[in-house]
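Trainee: Quick note, the sequence shown lines up with residues 4 to 91 if you use my numbering.
Built from N, CA and C at the ideal position, the CB exists for glycine as well.
Once you've had a glance at the structure underneath, I'll fire off some questions.
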Amino acid sequence: MSSPPTSTLQANVNYHLGLAHYLRGDLAGARRAFEACLERSRNADMAVATRYWLYLTLRRAGDRAGAARVAEPVTRDLDISENGSGSR
């Protein structure tokens, strides 16, 4: 039995677009894509993955305060189904 999808098509597109921008060194493009993905994230799995990459993007861009704000909602009690080994 397969588990329900953890993201929407729009969230997936923005997530992978953000990764492509990040890996090319386009931090502004990565930030825009990850922020768009976060707006479309409908569960903790996608939100945490997106927040991770957005955090890295902001840190790499020198925005420590922004990175801290992005990471703040991530707590140990979030119900993450795709990767149980993450924060536990």
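Taking the Cβ atom as the reference point for each residue, do Tyr-58 and Ala-74 lie within a distance shorter than 8 angstroms?
Mentor: Taking the sequence shown and counting its residues from 1, one reaches residue 58 at position 55. Taking the sequence shown and counting its residues from 1, one reaches residue 74 at position 71. Yes; because the gap between Cβ atoms is below 8 angstroms, this pair is in contact.
Trainee: Do you know offhand how far Gly-65's Cα is from Asp-82's?
Mentor: Numbered from its first residue, the sequence shown carries residue 65 at position 62. Numbered from its first residue, the sequence shown carries residue 82 at position 79. Answer to the nearest angstrom: the Cα atoms are 30 angstroms apart.
Trainee: Alpha carbon to alpha carbon, what distance is there between Ala-70 and Leu-22?
Mentor: Position 19 of the sequence shown, counted from the first residue, corresponds to residue 22. Position 67 of the sequence shown, counted from the first residue, corresponds to residue 70. Cα-Cα distance, rounded: 17 angstroms.
Trainee: Buried or exposed for His-19, going by 16 or more other Cβ atoms inside 10 Å?
Mentor: Walking along the sequence shown from the start, residue 19 turns up at place 16. Exposed: under 16 other Cβ atoms inside 10 Å.
Trainee: Give the C-beta separation of Arg-72 and Leu-30 to the nearest angstrom, bearing in mind that I take them to be a contact with Cβ-Cβ under 8 angstroms.
Mentor: As a working note, residue 72 is residue 69 in the sequence shown. As a working note, residue 30 is residue 27 in the sequence shown. Contact doesn't hold; Cβ gap of about 17 angstroms is too wide.
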